[in-house]
Amino acid sequence: MSAANNKVLVAMSGGVDSAVAAALLLADGYDVTGVFLCLSLRHDDGPAASRTCCSPTDAVDARQVAAALGIELISLPVGGAFEPIIDNFVAEYARGRTPNPCVHCNSLIKFGHLLDLADQAGIGLIATGHYARRVDVDSQPASGEPRRAAIARARNVGKDQSYALFGVARERLGRILLPIGELADKAAVRRIARERGLPVHNKPDSQEVCFVPGGDYTELLAHRAPEALRPGTIVNAAGDVLGRHDGYAQFTIGQRRGLGVAAGEPMYVTDIDPERAQVTIGPRSAVMRRELTASGANWHSQMPDAFDAIVQIRYNHRGAAGRVRRTGEATFEVHFGEDIAAITPGQAAVVYNGDRLLGGGWID
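For the sequence shown, the tail end lands on 730 under the numbering used here, and the numbers increase by one without skipping.
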């Protein structure tokens with residue numbers, strides 16, 4: 367292993383997964399440096415600006431983990447680099463779509479900005495605590511070249527996060543390490559943390575978008591896209607007004623709960639019209655589809671024009687068999703063999719061959 371390829375920069379959030387990732391790499395003989403990404407919103411984002419990730423508690427936890435492991439920890443401000451992700455998040459809601467900022471963060475920050483930092487520091491590899499696996503495609507690369515690699519689902523399928531990694535650039539896959547993805551379950555992660563004396567072994571997992579603590583993104587929208595929170599109507603497919611709402615951005619395709627409309631059968635959001643601030647609802651059959659189109663595609667290897675695959679349409683979707691047809695350099699369509707509920711614009715359509723991640727794109 368060359369000196370550069372023995373050095374790894376580990377993104378450390380102050381949580382147990384990234385802490386154990388660093389511990390496992392140390393045990394495997396890597397020269398590990400930790401980095402804590404500090405995010406702050408603009409001061410004009412109101413109360414939300416003071417409640418971001420990278421809380422003082424997270425920062426202290428990351429420092430304590432680094433001290434326990436005996437590694438250096440770098441604090442890296444990424445507020446400016448993160449602005450395009452927040453801008454996209456706000457713009458998507460304003461367009462009546464449902465964004466997925468974690469995918470953008472992974473491709474632009476964790477496996478983009480972080481690799482640039484590694485290059486500046488002469489570090490050949492980066493690692494995170496994601497539940498996914500890096501698998502080598504070729505075992506004997508050309509001299510001085512990184513191995514061609516791919517991403518696969520985690521051993522712990524219930525925690526798998528490979529869906530959120532489709533946007534990572536192909537040429538960067540060979541420089542990524544994902545040690546947590548090889549572990550069978552979360553209990554194994556916490557057990558290793560206890561055995562290594564890591565102070566975060568019992569720290570709860572984060573369940574929210576990092577820049578929207580508490581899950582309430584309306585404060586952020588109120589400051590950056592107030593039009594998405596203007597009152598409007600809830601209608602059926604015939605245009606009959608069934609109720610009113612306090613902002614179309616508070617709805618997503620397929621949503622059933624919180625509609626505030628009484629009906630004789632369960633009703634679901636079928637359409638969001640931002641120009642009229644109108645939300646359309648209908649029966650479950652109205653949110654079932656067998657096809658989708660996607661743009662902004664990123665492929666992890668050279669792909670044929672058409673092929674069969676498993677396509678996952680949201681983070682907690684199990685995936686469904688379909689025929690993928692590439693319609694352009696960065697566009698494709700999928701035809702499923704069964705009805706799929708709530709194919710949602712703004713979410714990612716991520717394509718797999720078995721457990722191996724092939725790529726994906728954004729649902730139109």
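Where a beta carbon is used, it is the ideal one built from N, C-alpha and C, also for glycine.
Are I709 and R655 closer than 7 Å when you measure CB to CB?
-> Mapped onto the sequence shown, residue 709 falls at position 343. Mapped onto the sequence shown, residue 655 falls at position 289. Yes, they are a contact pair.
Tell whether a beta-carbon distance below 7 Å holds between A388 and N472.
-> Along the sequence shown, one-based indexing puts residue 388 at 22. Along the sequence shown, one-based indexing puts residue 472 at 106. No. Outside cutoff.
Other residues of its chain near V607: CB distance less than 6 Å, five sequence neighbours each side excluded = One-based indexing of the sequence shown puts residue 607 at position 241. Hits under 6 Å: T599 and V601.
Candidates N682, A663 and R691, of which the one nearest A675 by Cα = Taking the first residue of the sequence shown as position 1, residue 675 is located at position 309. Nearest C-alpha to A675: R691.
Across which residues does DSSP place T659 in a beta bridge pair?
-> Within the sequence shown, numbered from 1, the residue matching residue 659 stands at position 293. DSSP lists E699 as partners of T659.
Would you mind giving the Cβ-Cβ distance between A714 and A615, rounded to the nearest angstrom? I have them listed as a contact below 8 Å.
-> Here the question's residue 714 lines up with position 348 in the sequence shown. Here the question's residue 615 lines up with position 249 in the sequence shown. About 19 Å separates the two Cβ atoms, so there is no contact after all.
Applying the criterion that 16 or more other CB atoms from any shown protein chain within 10 Å of the CB defines a buried residue, is I568 buried or exposed?
-> The residue labelled residue 568 in the question sits at position 202 within the sequence shown. Checking the sequence shown, residue 568 turns out to be Asn, not Ile. So N568 ends up on the exposed side.
By how many angstroms is the C-alpha of A643 removed from the C-alpha of Y718?
-> Here residue 718 corresponds to residue number 352 of the sequence shown, with the count starting at 1. Here residue 643 corresponds to residue number 277 of the sequence shown, with the count starting at 1. Spanning the two alpha carbons is a distance of roughly 36 Å.
Residues of its chain near M378, where Cβ-Cβ distance is below 6 Å and the 5 sequence neighbours each way are ignored | Translated into the one-based positions of the sequence shown, residue 378 becomes position 12. Result list for M378: S384, G400, F402 and A428, in chain order.
In three-state DSSP terms, what is H764?
-> Nothing about residue 764 can be reported from this structure: the residues present for the chain run from 367 to 730 only.
So D427 is in the alpha helix (DSSP H); what residue range does that whole segment cover?
-> As a first step, residue 427 must be located in the sequence shown, where it is residue number 61. P422 to L435 is the extent of the alpha helix (DSSP H) around D427.
Beta strand (DSSP E) segment containing P443, residue limits = Within the sequence shown, the letter at position 77 stands for residue 443. E438 to P443 is the span of the beta strand (DSSP E), which, as asked, contains P443.
Would you identify the three-state DSSP class for G694, choosing helix, strand or coil?
-> Stepping through the sequence shown from its first residue, residue 694 is reached at position 328. DSSP places G694 in strand when its eight states are reduced to three.
Between which two residues does the alpha helix (DSSP H) carrying I558 extend?
-> Position 192 of the sequence shown holds residue 558. First-last of the alpha helix (DSSP H) with I558: K552 to E561.
Pick out whichever of A493, G620, G648 and G613 has its Cα sitting closest to the Cα of G630.
-> Here the question's residue 630 lines up with position 264 in the sequence shown. The residue with the shortest Cα to Cα distance from G630 is G648.
In angstroms, rounded to a whole number, what distance separates the CA positions of R520 and A553?
-> Reading the sequence shown from its first residue, position 154 is the one you call residue 520. Reading the sequence shown from its first residue, position 187 is the one you call residue 553. As written in the sequence, residue 520 is Ala, which differs from the Arg given in the question. Cα to Cα, A520 sits roughly 14 Å from A553.
Inter-residue Cα distance where the pair is L390 and L435 = Sequence index remark: in the sequence shown, residue 390 carries index 24 (1-based). Sequence index remark: in the sequence shown, residue 435 carries index 69 (1-based). Distance between the alpha carbons of L390 and L435 is about 10 Å.
Quick one: Cα of D571 to Cα of G381, how far?
-> Residue mapping note: residue 571 aligns to position 205 of the sequence shown, counting from 1. Residue mapping note: residue 381 aligns to position 15 of the sequence shown, counting from 1. The alpha-carbon atoms of D571 and G381 are separated by roughly 7 Å.
Nearest to L586 by alpha carbon, out of V431, D453, L724 and A425?
-> Indexing the sequence shown from 1 puts residue 586 at position 220. Residue D453 is the option with its Cα nearest to L586.
Could you spell out where the alpha helix (DSSP H) holding D383 opens and where it closes?
-> For the purposes of this step, residue 383 is identified with residue 17 of the sequence shown, where counting begins at 1. Where D383 is concerned, the enclosing alpha helix (DSSP H) stretches over V382 to A393.
What does D674 pair with, by DSSP beta-bridge criteria?
-> Position 308 of the sequence shown, counted from the start, is the residue given in the question as residue 674. DSSP, once it has assigned bridges, lists R689 as partnering D674.
Which two residues bound the contiguous alpha helix (DSSP H) that contains C576?
-> What you label residue 576 is simply residue 210 of the sequence shown in a count that begins at 1. Per DSSP, C576 belongs to no alpha helix (DSSP H) and is neither H nor E.
Would R596 be called buried (16 or more neighbouring beta carbons within 10 Å of its own) or exposed?
-> By one-based count along the sequence shown, residue 596 stands at place 230. Flag for R596 reads exposed.
Who does H611 pair with in a DSSP beta bridge?
-> Counted from its first residue, the sequence shown places residue 611 at position 245. Partner(s): G598.
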